[in-house]
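Under the working numbering, the residue at position 135 of the sequence shown is numbered 135, and the numbers go up by one with no gaps. This report concerns only the one structure given below.
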Amino acid sequence: MGRKLPLAGRRLKMKRWAIFILCALFLGSGCALKQNQTGNQAPPKQTEVSVPTRDGRLETLDLLNTGDKLLASYATFFDQTKTNRVHNIQLSSEAINGHVLNVGEVFSFNQVVGKRTPQRGYLPAPEIVKGEYTEGIGGGVCQTSSTLYNAADAAGLRIIERVSHSHVVTYVPKGRDATVSWKEPDFKFQNQLNVPIRIAAKTQNGRITVAIYAPAHVNALRRKVAAPPTTLPEIIRVTPDEPMSLDPKKIKRELQNPLRIPQ
Numbered sequence: 001m002g003r004k005l006p007l008a009g010r011r012l013k014m015k016r017w018a019i020f021i022l023c024a025l026f027l028g029s030g031c032a033l034k035q036n037q038t039g040n041q042a043p044p045k046q047t048e049v050s051v052p053t054r055d056g057r058l059e060t061l062d063l064l065n066t067g068d069k070l071l072a073s074y075a076t077f078f079d080q081t082k083t084n085r086v087h088n089i090q091l092s093s094e095a096i097n098g099h100v101l102n103v104g105e106v107f108s109f110n111q112v113v114g115k116r117t118p119q120r121g122y123l124p125a126p127e128i129v130k131g132e133y134t135e136g137i138g139g140g141v142c143q144t145s146s147t148l149y150n151a152a153d154a155a156g157l158r159i160i161e162r163v164s165h166s167h168v169v170t171y172v173p174k175g176r177d178a179t180v181s182w183k184e185p186d187f188k189f190q191n192q193l194n195v196p197i198r199i200a201a202k203t204q205n206g207r208i209t210v211a212i213y214a215p216a217h218v219n220a221l222r223r224k225v226a227a228p229p230t231t232l233p234e235i236i237r238v239t240p241d242e243p244m245s246l247d248p249k250k251i252k253r254e255l256q257n258p259l260r261i262p263q
């Protein structure tokens, strides 16, 4: 027969088993996001995500030290020479990185990222406001929200609120953007899964990548979304046309026979 544990030892062992059973019954898979806090679990593995590069190759990007399952990821490109815009993208991506969304909770981009002000580190950069191109504090943040939208949509999460820009943007396919401004419009989505999820975001090599993680055994209905453009729009410089000489006879003929518009 095996050696009997002292009474205190048996109680400790039973307590550990009770905690484990309660966790499995009532918290379910959500425990996976909170493990490793006791020091008794194995250290999490480095999670790697394959993201496209501008020449079409796939590049491995380390995003987050976690033992969770990758539901979906999405990456978009930006011009690294636009330093203020890049700074705003980095700052807003850091604000959403590591955010945990509990079961049934709604993610609000404006609430999580906060107001884009100089006091909070945001810089002036080009943006679209009410259909017009202008320069404003926090320009570029919409690329973060649009990248997050595509990752959340690909992960099968419930999109609650999304508004497209009044002009087509170049960093995502047409109709796949999510414009944000303080306090509206906002970008919101809900975690309708039965487990918590975690958001990871990183900027690297002219690219922002957003990934959505969940406990390893979750079943999610992923969606297929259009891939992002892998090239930046070229700036084409043109020379204005020279003034054309007008034919007086043609002008007279058109004045005598004006275009008639049907009533």
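The beta-carbon is built from N, C-alpha and C at its ideal position, and this holds for glycine as well.
- Message: Using C-beta distances below 6 Å, list every residue in its chain close to Y171, excluding the 5 sequence neighbours before and after it, in chain order.
- Response: For the purposes of this step, residue 171 is taken as the residue at position 171 of the sequence shown. Closer than 6 Å at the Cβ level, and outside the excluded window around Y171, lie T76, Q143.
- Message: Taking only three categories from DSSP, how would you classify F77?
- Response: Here residue 77 is taken as the residue at index 77 of the sequence shown, counted from 1. In the structure shown, F77 sits in a strand (DSSP, three-state: E or B).
- Near E127, what residues of its chain come up, given a Cβ to Cβ distance below 6 Å and the 5 sequence neighbours on each side ignored? Position 127 of the sequence shown, counted from the first residue, corresponds to residue 127. So the qualifying residues of the chain are G136, G139.
- Message: Once the 5 residues before and after G156 are set aside, which same chain residues still bring their CB inside 6 Å of it?
- Response: Translated into positions along the sequence shown, residue 156 becomes position 156. If we look at G156 and ignore the five residues flanking it on each side, its Cβ neighbours are A220, L221, R222, R223.
- Quick one: measure Cβ to Cβ for V103 and N194, integer angstroms, because I've assumed they're closer than 8 Å. On the sequence shown, position 103 is the one that residue 103 refers to. On the sequence shown, position 194 is the one that residue 194 refers to. Confirmed, Cβ separation roughly 6 Å.
- Query: In angstroms, rounded to a whole number, what distance separates the CA positions of A154 and A72?
  - Reply: Counting from 1 along the sequence shown, the entry for residue 154 is found at position 154. Counting from 1 along the sequence shown, the entry for residue 72 is found at position 72. If I take the Cα positions, the gap works out to 6 Å.
- Query: With which residues is P126 paired in a DSSP beta bridge?
  - Reply: Residue mapping note: residue 126 aligns to position 126 of the sequence shown, counting from 1. Bridge partners of P126: E135.
- Task: Check whether the Cβ atoms of V141 and V180 sit closer than 8 Å, and answer yes or no.
- Result: Numbered from 1 along the sequence shown, position 141 holds the residue referred to as residue 141. Numbered from 1 along the sequence shown, position 180 holds the residue referred to as residue 180. Contact: yes.
- Query: Any idea which residues DSSP pairs A72 with across the strands?
  - Reply: Within the sequence shown, numbered from 1, the residue matching residue 72 stands at position 72. According to DSSP, which records beta bridges pairwise, A72 is partnered with I212.
- Contact check, F109 vs S145, beta carbons under 8 Å: Counted from its first residue, the sequence shown places residue 109 at position 109. Counted from its first residue, the sequence shown places residue 145 at position 145. Judged by their CB atoms, F109 and S145 are nearer to each other than the 8 Å cut-off.
- Could you check which residue in R198, K183, T134, H217 has the C-alpha nearest to that of Q111? The residue you call residue 111 lines up with position 111 of the sequence shown. Taking Q111 as reference, the option from R198, K183, T134, H217 with the minimal CA-CA separation is K183.
- Query: Do I160 and V106 come within 8 Å of each other at the CB atom, strictly closer than that value?
  - Reply: On the sequence shown, residue 106 is found 106 positions in, with the first residue counted as 1. On the sequence shown, residue 160 is found 160 positions in, with the first residue counted as 1. Pairing V106 with I160 gives a Cβ-Cβ distance under 8 Å.
- Message: I need the straight-line Cα distance from R283 to V169, nearest angstrom please.
- Response: With the chain covering only 1 through 263, there is no way to say anything about residue 283.
- What are the boundary residues of the alpha helix (DSSP H) that includes T203? Translated into positions along the sequence shown, residue 203 becomes position 203. Per DSSP, T203 belongs to no alpha helix (DSSP H); it is in the beta strand (DSSP E), 197-203.
- Query: In whole angstroms, what is the alpha-carbon distance linking G175 and S166?
  - Reply: Numbered from its first residue, the sequence shown carries residue 175 at position 175. Numbered from its first residue, the sequence shown carries residue 166 at position 166. When the Cα atoms are used, G175 and S166 turn out to be separated by approximately 10 Å.
- Item | T81, buried or exposed, once every other Cβ within 10 Å from all chains shown has been counted against 16 | Here residue 81 corresponds to residue number 81 of the sequence shown, with the count starting at 1. Exposed.
- Status (buried if at least 16 other CB within 10 Å, exposed otherwise) for Q90: Stepping through the sequence shown from its first residue, residue 90 is reached at position 90. When all chains shown are included, Q90 counts as buried.
- Query: With DSSP run on the structure shown, which of helix, strand or coil describes L221?
  - Reply: In the sequence shown, the residue the question calls residue 221 occupies position 221. DSSP places L221 outside both helix and strand once states are collapsed to three, so it counts as coil.
- Query: Helix, strand or coil: how does DSSP classify I160 here?
  - Reply: Taking the first residue of the sequence shown as 1, we reach residue 160 at position 160. I160: strand per DSSP, three-state reduction.
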